[in-house]
Structure formats: structure tokens, C-alpha cells
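Novice:
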């Protein structure tokens, strides 16, 4: 007989998070802090430095997302404002930060396929956002991808 009770499936062990996923999660936390409290990227980074997994992330990607997101917030919000149904200042801070990460990756991380950028943002929204926030994030980023990567998005829809 096995160690598990009869009729109960073995619990699935969660797959370890990739270094890129950790960098996105920590950048999300930093951007959230920045959206709430203001300040600069260094203060936002200090707040997440003590988080589990900080030493196991893709540091270059984290820096790009957090510091690039803060430095280019106006440009990211300009793109978002064309595709959201309200002012970006009226978005929940979590959804706003997730959308900033998604748009940043669509604009600057051309080595990441647009669908991967969208899916990763959707996963962040599922983990950290409201109940149906991931659906909103998916719809907005799909529109942003059509604007920012029109050839890639058009070819994927064929």
C-alpha cells in the first residue's frame, strides 16, 4: 500500500519559478510601491530587496522592468491611455503596475515574443490582482501589442 490515503490524488508540486518570472514579480512589487508612495527606483528596490527569491532572479531583467518602468512611466502610460477605459491614475495600482510591465516588455524586450509578454502579465495579475483583473490585463495588452508589434501580432492571428 502507498503512503497516500485511498481516493486522494498526490499533491502536485509547484514547478520552480524561473529567474525571469521572479524578476517580474519583484519588479511588480517595486512598481506597486512606487505608484503608491512615489519616490525613486532605489527606494522601490530597497523595499523588495528583502523578498524571498531576490538573489535567484534575472537581475538585468528586474532592473530593466523596475527602473525602466519608472523612468519611462509617462511613455508607458501614454500607450496605455489609448487602450484603457479610464485614466491610468484610476486603475488599481496592481493592475497599473502589471500593465506597465507588459507594455515595457512589448516596447523594449523584443527578444520576448509578444504572447509570452502578455501571458506573463496575465499570470502576474492572477497571482497579485483582483478576481477578474487578469481578463482586463489580457484585453488591454492585446490591444497594445497590435499597436506596438503590429507585424508580430498580425502574423500570429493568421
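Residue numbers (my numbering): 13 to 170.
Using N, Cα and C, we set each Cβ at its ideal position, and we do this for glycine too.
Name the residue from 118, 94, 43, 47 whose alpha carbon lies nearest to the alpha carbon of residue 130.
Specialist: The option with the nearest alpha carbon to residue 130 is 118.
Novice: Would residue 69 and residue 109 be called neighbours here (beta carbons separated by less than 8 angstroms)?
Specialist: The answer is no: Cβ separation not under 8 angstroms.
Novice: Please tell me whether, using a cut-off of 7 angstroms, the distance from the CB of residue 74 to the nearest non-hydrogen atom of the ligand ADP is below it.
Specialist: This structure simply doesn't include the ligand ADP, nor any ligand for that matter.
Novice: How do the segment 36 to 55 and the segment 71 to 89 stand: do at least 3 beta-carbon pairs fall below 8 angstroms, yes or no?
Specialist: Yes: at least three Cβ pairs fall under 8 angstroms.
Novice: Which residues mark the beginning and the end of the alpha helix (DSSP H) in which residue 74 is found?
Specialist: Residue 74 -> alpha helix (DSSP H) spans 71 to 75.
Novice: State buried or exposed for residue 90, treating a residue as buried only when at least 16 other CB atoms are found within 10 Å of its CB.
Specialist: Burial call: exposed.
Novice: Would you say residue 152 and residue 134 are within 8 angstroms of each other, going by their C-beta atoms?
Specialist: No; because the gap between Cβ atoms is not below 8 angstroms, this pair is not in contact.
Novice: May I have the straight-line CA-CA distance separating residue 164 from residue 87, to the nearest angstrom?
Specialist: One C-alpha to the other measures close to 21 angstroms.
Novice: Quick one: what does DSSP say residue 7 is sitting in, helix, strand or coil?
Specialist: Outside the modelled stretch of the chain, which goes from 13 to 170, sits residue 7, for which no answer is possible.
Novice: When you compare only the Cα positions, how much space is there between residue 14 and residue 168?
Specialist: For residue 14, the predicted structure reports a pLDDT of 48, less than 50, and the residue's modelled location is therefore unreliable. A value from the coordinates is still provided. Each residue's alpha carbon lies about 47 angstroms from the other.
Novice: Only counting the same chain, and skipping five residues up and downstream in sequence, which positions put a Cβ closer than 7 angstroms to that of residue 107?
Specialist: Correct list, in chain order: 137, 141, 145, 148, 149.
Novice: Would you tell me roughly how many angstroms separate the C-alpha atoms of residue 51 and residue 101, rounded to the nearest one?
Specialist: Looking at the two C-alpha atoms, the distance is approximately 16 angstroms.
Novice: Would you mind working out which of 104, 115, 166 sits nearest residue 143, comparing C-alpha positions?
Specialist: Cα-wise, what sits closest to residue 143 is 104.
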